Every structure is written in C-alpha cells, then in structure tokens.
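K.L.:
The structure follows.
Residue numbers (this note's numbering): 1 to 700.
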C-alpha cells in the first residue's frame with residue numbers, strides 16, 4: 001500500500017511539474033520550463049544574500065566616494081565570477097561633490113547650535129563609523145541666513161497657498177517644514193518661489209517617531225536625532241541636469257555632448273538642510289505666533305505655531321559646491337541561447353546615503369545572488385532563450401541619474417530589444433510583499449507568486465500576500481526610482497517588486513544591525529525574493545510568446561478614464577464636459593480586439609499551431625505594444641516624460657499619475673486642453689488596437 005501511495009504521489013508531482021499551464025508557453029515548452037524552474041529553485045542558496053549584503057554595507061558609500069567605488073568593484077567581480085559578461089558604463093555627472101559644510105543654530109532668544117547628526121548608540125556598532133557625517137540635502141543652494149521662522153506643515157503646494165491666504169509673509173524668512181506629503185525638492189522649490197531665504201526639513205514624531213511606537217534602537221521608528229537625507233533635484237526631466245535627452249558621457253568621450261550652462265540650469269539657490277525632531281523642537285517650542293490650522297499639528301508635546309516672531313531667530317548656513325563627478329553603472333549579461341537580442345532587464349542602484357542595508361543594497365544583494373544561481377545553471381548548459389541583463393545603477397539617490405543616462409545612451413536598442421524592466425530598489429527590506437506594474441505584467445507577478453514558498457510558513461508567497469491585502473493588489477508605477485526612464489521616457493513595460501518593512505529611511509542607522517534586528521532577522525526573505533524574481537525573469541526569457549496580459553490594457557484604461565472623467569465633472573462648468581468620447585470609443589474597440597487576440601493566442605499555444613518563425617515575428621510585434629503610448633510631444637509639464645500612460649507626479653515627485661496628460665489638467669482644474677487630450681489618447685489607443693489586431697490575425 002505504501003508503494004502505491006508513493007507511486008500516486010510521484011504521478012501527482014510529475015503532473016505538477018510537466019502538466020501545469022504557464023502563460024505564454026505551448027504545452028511542450030511549459031514542460032521544459034517547469035523542469036527548468038524546478039532546477040532553479042533547487043539551486044537557490046539562501047545564505048548568499050546575507051554574504052553579499054554584509055560585504056556591501058560595511059561602510060557608508062555615497063555616489064562619488066572611494067567607498068562607493070569599492071562597492072562597484074565588488075559587484076563587477078561577483079558577476080564576472082558567476083560567468084556573466086560584465087560591462088562598466090561611466091558618466092560624468094554635474095552634481096554636488098560632497099556634503100560640504102552646514103550649520104543650524106538658535107540666535108535669539110539664546111545662542112545655541114542644534115544637532116545635525118545621529119547619536120552614537122552602544123547597541124549599534126555601525127553608528128560610530130568614522131565615515132558617517134551630518135544630515136544633508138543634495139542640490140541645496142549655498143548661503144548663510146539669519147532670520148525669523150515660519151512653519152509650513154509638509155511644505156506642499158497647498159500648504160504654501162494656505163499660508164498666503166492666512167496672510168503669513170515668507171519673504172526673507174526661514175521655512176521649517178516636516179517630511180511627508182511630497183518630494184523634498186518641491187518643498188524647496190515652493191519655499192523659494194514664496195520668497196523664503198532658507199528651508200529646514202525635519203521628520204516629525206507624529207509621522208514616524210515616538211507617537212507611532214518605540215524608537216530606534218529599541219524599536220523601528222525615528223529617534224529624536226534620526227535625520228532623513230536626500231536629493232532636492234527638481235527639473236522638468238529626470239537624469240543629469242545638464243544633459244536632458246542625451247547621456248552624460250565622460251568629458252573626454254569622442255562623442256560630443258552638449259551640456260547646459262550650470263548657471264542656466266535652474267538649481268535651487270536657497271540653503272536647505274535636514275535635522276532631527278529633537279533639534280526641530282528647540283525651534284518649534286519657542287514659536288509664539290498664531291496656532292496652526294487643523295491638520296498641521298505634529299507630534300511634539302505643545303501647540304504648533306505658524307510664526308516665531310521677531311524674538312526668535314535662527315541661523316542656517318550651507319556651503320555646497322557642485323562639479324563633475326564620475327558615476328558608473330555595472331551591467332552584467334547572460335546571453336540568451338536563441339534570442340540574444342531580446343532583453344529582460346533587472347535593475348537596482350547601489351549608491352546609498354549611508355550603509356544602505358535596506359535602501360538600496362537589499363535589492364543589490366538579491367540580484368547578485370540571482371546572478372550566481374543563473375550562472376550555475378548556464379555552466380551546466382541550462383541557459384535562458386532570451387538574454388537577461390542585471391544592472392546596478394549609480395547616482396540614483398541624487399536624482400535617479402545613473403539609470404536615466406544608460407537609458408538615454410541605449411534608447412534605440414531598448415526600443416527594439418527590451419522585453420521588460422524589473423526594478424528592485426530596496427527589494428528585501430522586510431516581510432510584506434508588494435508590487436507596482438505596467439498593466440501587461442501584472443498577471444506575470446501573480447502567477448509567479450503562487451510558485452514560491454513564503455519563509456517560516458506553509459504558505460505560498462501569493463497566500464501570504466493576499467492574506468494581508470485580501471486580493472493581489474498591484475499598484476501603478478510612480479516616481480522616485482530607476483524604472484522612470486525605462487517606462488516613462490522609452491516605453492518599456494516595467495514593474496517594481498519587493499518585500500517591504502521597517503526602514504530608517506536615508507538615516508545613518510540604515511545599517512546591518514537594524515536590518516538583522518528588525519527588517520528580516522531570519523535572512524530568508526532574500527532567497528524568497530530571488531526565487532520570485534528568477535521565476536519571472538525565466539518566464540519572460542523562455543516564453544513561446546511573450547507573456548504580456550494584453551487584455552489588461554483595456555480593463556485598466558477604462559477604470560482610469562472613468563476616474564478622470566468623474567474628477568473633471570467636479571470642477572468643470574455645467575454642460576462643458578461630458579466624457580472623453582473618442583477615447584471611450586477607442587477603448588471599446590481595444591477591448592474587443594484584445595479579447596479576440598487572447599482567445600486566438602490561447603488556442604494557438606494549446607494546439608501548438610504556431611511555427612517558430614511565426615512566434616518570433618509575433619514577439620517582435622508584442623515589443624511594440626507599450627510604445628503606442630510614447631508621444632514625441634510629451635507632457636506640458638515636461639516634454640521628457642513621453643508616456644501618455646504614466647508619469648511621476650510633477651507636484652509631489654513620488655505619486656503615480658496614470659493618464660498624466662489629463663491628470664495635469666485635473667490638478668490645475670483646467671478644461672482648455674481636454675479636447676486635445678481626447679484626440680491624443682484616442683490616437684494612442686487606436687495605434688495599440690491596430691497592433692493587437694495584426695497580432696490576432698497572425699495567431700492561428
């Protein structure tokens with residue numbers, strides 16, 4: 001009886017391995033893929049993640065530093081040893097060369113310097129590293145200002161508008177704003193536009209400090225000395241500020257690059273620096289003006305005031321020099337066995353504000369471990385059909401620069417060859433899985449998550465994910481990381497995936513001690529994420545027909561247009577706007593054609609009626625789908641952002657704007673260009689529909 005049961009179990013296992021249906025695969029290809037995935041999962045060495053993370057986070061490594069060069073060299077060596085073709089792509093970027101000098105002090109009613117660096121902690125040996133420095137914001141202006149203080153809540157556009165309506169004069173004042181609500185660079189931009197002479201940014205305990213729970217080192221929240229560093233760069237494009245639309249190749253490159261005059265680049269001119277809430281309290285508790293409006297009160301134990309008055313003066317001094325800094329991307333390639341000129345690209349930056357244990361190097365360590373596993377398979381003759389590229393970007397923290405320069409350099413090739421981009425910034429910073437994605441890649445994420453075991457449980461990753469969210473909720477891509485140029489400038493289907501959790505974001509405490517104590521004490525999530533990303537990469541690399549969920553375009557577009565139309569009706573004059581009629585008709589046709597294509601493709605794959613040449617041609621056509629949304633005219637808030645489908649929010653910097661052309665009109669409560677956008681979106685959707693129709697005709 002025992003032998004019979006064993007035989008039955010063996011048969012069940014064979015059916016699972018060889019009989020499962022995988023999106024984009026014919027039955028025979030699915031059998032081969034299942035066996036390859038089984039081999040891959042078995043080769044995953046969960047211990048490698050920790051080894052790489054420890055090696056890369058020994059010291060702080062901001063872009064341009066010798067320490068960052070050492071991390072670069074470690075990455076290149078690890079990938080080369082794993083058997084990957086490894087290339088270095090250097091760029092000369094115009095940016096702050098270093099933190100420079102800064103000072104924040106009370107002048108009245110007493111003279112008192114304020115703390116600008118995290119405390120030393122006996123529990124955390126990394127906190128005493130000599131390479132650590134003060135908190136700072138890259139792209140601050142230089143200056144030495146002594147002035148009265150105004151509190152501006154989060155420093156959002158609406159906060160400065162509120163101050164104006166309240167009659168608060170910002171001219172010549174130092175603004176104090178808390179982190180949150182928008183990208184820190186916009187806090188500086190809005191403060192300068194309002195006439196402020198300087199800006200101090202702090203993390204409020206009501207947002208991320210003791211009000212939320214125990215602070216570090218006892219808990220996961222910001223202590224009074226914890227300081228969030230970060231870039232302030234705000235241009236109407238992403239990347240090196242002197243070379244929009246073109247790569248910032250080395251100054252001695254034979255290729256001529258026209259650079260903008262730095263004096264005309266539009267950098268912030270006022271001094272800006274971050275502090276902890278312990279230092280901010282020294283200012284806020286001495287303010288004596290009117291109480292703040294509802295919603296502006298933070299977590300410190302006193303009433304917040306709008307103004308400090310003439311009896312309270314603060315000195316803010318920042319000296320920050322800019323110049324050319326060499327940054328280098330490290331890109332490894334595992335060349336595909338059948339379609340070497342079709343690329344699946346994985347990416348994460350490696351530069352950090354301090355040690356970078358969660359942000360970004362948990363993602364870097366994951367990619368290196370995956371490189372080694374896939375390298376072992378390749379050495380055994382098990383190679384993906386399409387090429388897989390693993391890219392380690394530099395200078396992300398100063399404005400998502402390294403990846404953008406590579407995309408601008410490789411734009412033509414990416415347009416013809418890139419299948420997908422998978423972004424892994426801080427991808428193993430906790431135990432809560434999440435994802436944001438282009439519509440066409442959402443099903444791929446869901447399917448792969450069902451095949452991966454969640455550590456320390458009897459659940460799959462999918463089950464653990466949906467236990468918390470109730471459904472496999474996948475967001476839309478916004479700003480703030482290295483997918484921007486791929487998705488929003490060139491039109492490569494992109495996703496950002498990872499396991500998130502507690503993080504002392506951009507502080508000196510983002511180190512291995514914090515990671516081991518709070519982010520993932522088991523160090524098992526790195527291996528799990530390696531398996532998740534590896535499965536998605538291998539399915540993209542080996543699919544008979546690229547596993548895009550073509551039907552999802554119409555579904556998501558309809559939902560986003562409905563939302564946009566409802567928002568416009570809230571402010572448009574009665575009778576002036578009904579709907580985006582042309583776009584609605586285009587979506588209806590897209591729905592019909594995409595459903596027909598999906599049905600015919602499924603039948604072709606199930607019946608194995610597609611010939612290899614036919615599948616190859618179909619894949620080349622599929623690569624062009626996302627490009628339907630690329631519009632050479634671009635957005636009115638920045639022509640560099642060429643995707644009609646998605647962009648980062650030009651007012652917050654982080655939020656995802658779907659249908660950005662229309663969303664910009666909504667944000668400004670405008671109606672003048674709605675007809676133009678209806679035409680442009682209908683044209684793009686029509687182009688997508690025509691491509692899908694041609695694909696349906698090719699499917700037998």
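Glycine included, each C-beta is placed from N, C-alpha and C at the ideal position. Predicted, not measured: the structure shown is a model, and the values here were computed from it.
1. Is it right to say residue 557 is buried, meaning 16 or more other beta carbons lie within 10 angstroms of its own, or is it exposed?
2. So, residue 490 versus residue 551, is the Cβ gap smaller than 8 Å?
3. Can you tell me the Cα-Cα spacing of residue 788 and residue 444, whole angstroms?
4. Closer than 6 Å by C-beta to residue 86: which residues in its own chain qualify, once you throw out the five before and the five after it? Chain order, please.
5. So, with DSSP's three-state summary, where would you put residue 397?
6. Rounded to whole angstroms, what is the Cα-Cα separation between residue 262 and residue 163?
7. Nearest to residue 629 by CA position, among 455, 493, 317, is which residue?
8. When you compare only the Cα positions, how much space is there between residue 293 and residue 183?
9. For residue 126, which residues of its own chain have a beta-carbon under 7 Å away from its beta-carbon, when the five flanking residues on both sides are left out?
10. Drop a sphere of 10 angstroms on the beta-carbon of residue 2, count the other beta-carbons inside from all chains shown, and report buried for 16 or more, exposed for fewer.
11. When the Cα of residue 70 is compared with those of 615, 567, 330, which residue comes out closest?
12. What three-state label does DSSP hand residue 518 in the structure shown?
13. Rounded to whole angstroms, what is the Cα-Cα separation between residue 570 and residue 560?
14. Can you tell me the Cβ-Cβ gap for residue 426 and residue 340, rounded? I've got them flagged as a contact below 8 Å.
15. With the cut-off set at 8 Å, would you say residue 710 and residue 699 are in Cβ contact?
16. Judging by CA-CA distance, which residue of 578, 406, 657, 683 is the nearest neighbour of residue 91?
17. According to DSSP, simplified to helix, strand and coil, what is residue 201?
18. Assess, as a yes-or-no matter, whether the segment 172-183 is touched by the segment 636-656 under the definition of 3 or more beta carbon pairs within less than 8 Å.
19. Can you name the start and end residues of the beta strand (DSSP E) that residue 108 belongs to?
20. Check whether the Cβ atoms of residue 273 and residue 318 sit closer than 8 Å, and answer yes or no.
21. Do residue 666 and residue 587 have their C-beta atoms closer together than 8 Å?
22. Less than 6 Å between C-beta atoms, sequence neighbours within five positions excluded: which residues of the same chain meet that for residue 719?
23. Could you tell me whether the segment 186-198 touches the segment 155-169, where touching means 3 or more Cβ pairs closer than 8 Å?
24. According to DSSP, simplified to helix, strand and coil, what is residue 435?
25. Of the choices 269, 83, 109, whose alpha-carbon is the least far from that of residue 377?
26. Use the C-beta contact count for residue 4: other C-beta atoms within 10 angstroms, 16 or more gives buried, fewer gives exposed.
27. May I ask which residues mark the beginning and end of the alpha helix (DSSP H) holding residue 71?
28. Quick one: complete beta strand (DSSP E) runs, 3+ long, within the segment 323-407?
29. Would you kindly work out how many angstroms separate the C-alpha atoms of residue 640 and residue 440, rounded to a whole number?
30. Should residue 8 go down as buried or exposed, given a rule of 16 or more other Cβ atoms within 10 Å for buried?
31. Residue 285: buried (16+ other C-beta within 10 angstroms of its C-beta) or exposed?
32. Checking 8 Å against the spacing of the C-beta atoms, do residue 94 and residue 321 come in under that value?
33. Starting from the Cα of residue 117, find the closest Cα among 40, 137, 123 and give me that residue.
34. Would you kindly work out how many angstroms separate the C-alpha atoms of residue 280 and residue 446, rounded to a whole number?
35. Taking 8 Å as the cut-off, decide whether the C-beta atoms of residue 98 and residue 315 are in contact.
36. Throw me the rounded Cβ distance for the residue 391 and residue 346 pair, which I believe falls under 8 Å.
P.N.:
Concretely, from the data shown:
1. buried
2. no
3. For residue 788 there is no data in the structure shown, the boundaries of the chain being 1 and 700.
4. 76, 79, 80, 332
5. coil
6. 32 Å
7. 493
8. 22 Å
9. 355, 511, 512, 513
10. Unreliable positioning characterises residue 2 in this predicted model, as indicated by a pLDDT of 38, which lies under 50. The coordinate reading is nonetheless provided below. Exposed is the call here.
11. 330
12. helix
13. 16 Å
14. About 31 Å; that fails the 8 Å criterion.
15. Beyond the ends of the chain as shown, which are 1 and 700, falls residue 710; an answer cannot be given.
16. 406
17. strand
18. yes
19. 101-108
20. yes
21. no
22. Since the displayed the chain opens at 1 and closes at 700, residue 719 lies outside it and no answer follows.
23. yes
24. strand
25. 83
26. Residue placement at residue 4 cannot be trusted, given a pLDDT of 37 that sits under 50; what the coordinates show is reported in the next sentence. Burial call: exposed.
27. 66-81
28. 339-349, 386-393
29. 23 Å
30. Note on residue 8: pLDDT 37, under 50, position unreliable in the model; the coordinate value appears next. Exposed, since its Cβ has fewer than 16 Cβ neighbours within 10 Å.
31. exposed
32. no
33. 137
34. 44 Å
35. no
36. 7 Å
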